[in-house]
Amino acid sequence: MSSRAKAKELYRRDEKAGGKLLSPEERLKLIEPYLPPIKVDQEKAERTRGRRPSFGIRRFFEAQLHVLVFTVIHAIFSIYIRSRQAYHAVRDRIYSIFYYHHRDPAMIQKDVKRLSKLPRILSVILKLEDDGKGGSELERLVNEVAETSAWCACAGIPVLNVYEKTGLLKQYLPEIHRAISQNLKSYFGKQHPTLALCAPHQESIESPASGTGYDGEGPGHLLVRLVSYEDGRDSIVDLTKTLAEMAQKNKVDPAHIDTNLLDEELKESVMEESDLLIIFGPYVEFQGYPPWHLHITEVFHVPDNEGVGYQVFYSEHTSASQPDDIMSFVRPPVLKPSAILNKAAFNKTLNLAAATVRDNKNITRLRQTLTKSADALLLDRISTVVANPDPALAAKGGKALLLKPTISPAKQETWGPVVSELVKQDEVSIVPYQLQLDYDYWSYRDVMTAQLPPELHDDIPAGFNTAGHVAHLNLRDQHLPYKQLIGQVLVEKNPNIRTVINKVDNVGTESEFRTFSYEVLAGPDDLNVELNENGCLFKFDYSKVYWNSKLEKEHTRLIRLFKPGEVVCDVMAGIGPFAVPAGKRGVFVWANDYNPESFKYLKDAITKNKVGTLSHLLGLDVDANSKLRSPHMCDHSTQTVFSRSDPKGKRPPPTVIPIPATVSHFVMNLPASATEFLPNFRGVYAGHEQLFEPHTRTKLPVVHVHCFALKSDGDEPRIDVADRVSKELGTTLVWDGVKDTPSGSAGQGEIKDGEVAVHLVRDVAPSKSMYCASLRVPADVAFAARS
């Protein structure tokens, strides 16, 4: 056999063996004689043989071209991104100006009433920067929770879920509850909604509403729930493990483990599905938000937004609010403007469909199913579960579920898949239902919208002060023709209100005691009220003394600054909102008021609250000036001592507490003119230098003086207050630069010499705010020679 034949045979055997007999080199050697020769372009070789290579230059120019193209593209996109960010920043700033709420619930209610729907459950995602290593970052987060909670309460959103990935907020439940409560009081005053703060697997913290008379255009209760990453995917994993173990132990049928069961368990252990999720950030970033809610939750964010702001909160609700058949279907009647209330005109019949339930045992499951599918009728103050429209079945306890207006009993094409399936399974039947609404159903705002002319719909009187059973209005001229109507509806829509009055002149116009003339709009002319504040009972004639329920937060703030055993001089005490609770805390209080009626009720409050042994009355005086000029301000400790025991009962030996020789705090709560009394502090301790530092450890007293200033978000009002205080005292003092924070307020810490802490108390008018200036009496003032 020739060599060529042997080579062919060997190649075929290797091919049949799958290439395992020969190596690649041996195989190439066998087939090489059969391959065509390689042709070389001699002309091209000659042409390039003598030329230098240009590979490096070509690569350089190609690289430069790529850099140029990338730079141009990057510049175009950078210009676009910066322009978009600038546009959104300007737009958000304009929104923040036009829709600033001024911490007024009425203004927020005015904003949201234009919306066709509001979420019942709102979720927000907040982000903790730098892992909260700095206290200021945690404080910022607490402030955002408090502000968002207040906005929800004002807008009428009853449930707020706050998601923060790390779970740090859940470690500070008491502090956050306190911050939210204080913020609600700053928005609502005395009539703030009740608050409940909770977190999964932790005990909730609840507090009742402070006072009465909250007309509550939204719900009167706010639930705030804090959730974190561990409540998301980890909860699903834990629940899955638990159900798997129960199935293995035959404690649950595997066939019953479905999405409905998971939804119910997660809803009970973590939170319900939200109607709207707001992401306060420039991008859609869920950060591990509980994933089982996202398929039914509407998600919204504002591009390029940084931080939590009301304009974002409002714009997102505006965008999320689409035309709603139910809201347009259930509206108050349109009436001719009238100052006379015709309750019969508010009767309204709604023709709806209802799903009659075959077995009442299934009613809870069916209601949840229809609610989840958005087929149930969800209306405030209307229960979805009603009696069967058939009187015979209703007498036997038959129930029905109200359905949304778009469902017609006679048109099956309007039923939807869930309703059709329930009917097919013979669990429900769809029947006509007439829902009767009368005057009692409609809210105060509904009635006012129907009765007042259209030009007043954006200015319906909603906010008012309360003192016991009395609601105190300050109506504008355009509302006066309808004042009796407003009073009547307020009484009928607020069970705790029996009398409604309207102020007819400014405070202090009728007398120098800050009282005012009034007219009764509804109810009896009975202004003898009884109320509770800071755990103390007050009873007085509201027409003869000054009282403002919106100052309760300020009363509480100052009272907490007073330590047991200190001496506090309440120069303009009124009926004792500072003095009596302070005395109950073991503080020695010298209380004075120029109004004889206020002084009478002050003594009565001291007796009723049993704080007489810890309080002392300076006595009725002509004014506060003479008391501040009294040379005996620091001599009371030599006069007497007080005991904490009850002399009438059998008790252990009494604890004798000597009264300190100096006053620790002066309170001057007369904002219209209190600063004019400050010159009386010049020389108040002249000749008594030995009572204070450096002779003793006692510091000079702190003065808390209230005053009015222009309303502004800047620093100008605080600087102006400090300048006015300095001028009256005849010395140089400066504002300490501290603004109110969620964890406290200006003036809560140590008052430094030469500085004035200025705390914003409340806004009293569109252009005027009330402040409290706290300062330590300078030595050159206290020890100055008496003039």
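Anchor point for the sequence shown: position 749 equals 748 in numbering that gives the first Met the number 0, and the numbering is continuous, going up by one each time.
We put the CB at the ideal spot given by N, CA and C, even for glycine.
Check: residue i C-beta below 7 Å from any heavy atom of the ligand FMN
i, result
"residue 785", "Among the components modelled here there is no ligand, and therefore nothing to report on the ligand FMN."
For residue j and residue i, the rounded distance between their alpha carbons
i, j, result
"residue 354", "residue 534", "50 Å"
"residue 748", "residue 361", "59 Å"
"residue 289", "residue 520", "52 Å"
"residue 553", "residue 485", "30 Å"
"residue 264", "residue 242", "11 Å"
"residue 752", "residue 195", "41 Å"
"residue 416", "residue 367", "15 Å"
"residue 493", "residue 225", "32 Å"
"residue 478", "residue 595", "35 Å"
"residue 434", "residue 395", "20 Å"
"residue 2", "residue 29", "11 Å"
"residue 279", "residue 165", "16 Å"
"residue 467", "residue 197", "31 Å"
"residue 499", "residue 758", "32 Å"
"residue 715", "residue 230", "45 Å"
"residue 781", "residue 181", "35 Å"
"residue 770", "residue 524", "33 Å"
"residue 167", "residue 137", "9 Å"
"residue 762", "residue 768", "4 Å"
Three-state secondary structure assigned by DSSP to residue i
i, result
"residue 80", "helix"
"residue 441", "coil"
"residue 162", "strand"
"residue 359", "helix"
"residue 761", "strand"
"residue 23", "helix"
"residue 136", "helix"
"residue 333", "coil"
"residue 472", "strand"
"residue 679", "helix"
"residue 424", "coil"
"residue 228", "helix"
"residue 672", "coil"
"residue 663", "coil"
"residue 220", "strand"
"residue 755", "strand"
"residue 419", "helix"
Limits of the alpha helix (DSSP H) - the one that residue i falls within
i, result
"residue 270", "Counting along the chain, residue 270 falls outside any alpha helix (DSSP H), and DSSP gives it neither H nor E."
"residue 182", "172-187"
"residue 390", "390-394"
"residue 104", "104-111"
"residue 725", "715-728"
"residue 781", "778-781"
"residue 491", "482-492"
Residue burial classification, residue i (beta-carbon count within 10 angstroms, cutoff 16)
i, result
"residue 609", "exposed"
"residue 60", "exposed"
"residue 66", "exposed"
"residue 254", "exposed"
"residue 73", "exposed"
"residue 33", "exposed"
"residue 24", "exposed"
"residue 69", "exposed"
"residue 703", "buried"
"residue 382", "exposed"
"residue 76", "exposed"
The beta strand (DSSP E) enclosing residue i, as first and last residue numbers
i, result
"residue 247", "Taken as a continuous stretch (DSSP letters only), residue 247 belongs to no beta strand (DSSP E), being part of the alpha helix (DSSP H) at 232-247."
"residue 201", "Run containing residue 201: none; DSSP gives neither H nor E here."
"residue 195", "193-197"
"residue 6", "Not the beta strand (DSSP E): residue 6 falls in the alpha helix (DSSP H), residues 2-15."
"residue 732", "Residue 732 -> no beta strand (DSSP E), and no H or E assigned at all."
"residue 500", "498-502"
"residue 767", "767-775"
"residue 517", "517-521"
"residue 466", "464-466"
"residue 120", "120-125"
"residue 737", "It is not in any beta strand (DSSP E) - residue 737 carries neither H nor E in the DSSP assignment."
"residue 385", "384-386"
"residue 254", "Looking at the DSSP string, residue 254 is not in any beta strand (DSSP E), and its letter there is neither H nor E."
Closer than 8 Å to chain B by CB, residue i
i, result
"residue 583", "Reference to chain B is not applicable here, since this structure consists of a single protein chain."
Every unbroken beta strand (DSSP E) within the region 529-598, with a cutoff of 3 residues, ordered by chain: 535-540, 566-569, 587-590
Runs of beta strand (DSSP E) lying entirely within the region 684-715, each at least 3 residues, in chain order: 701-709
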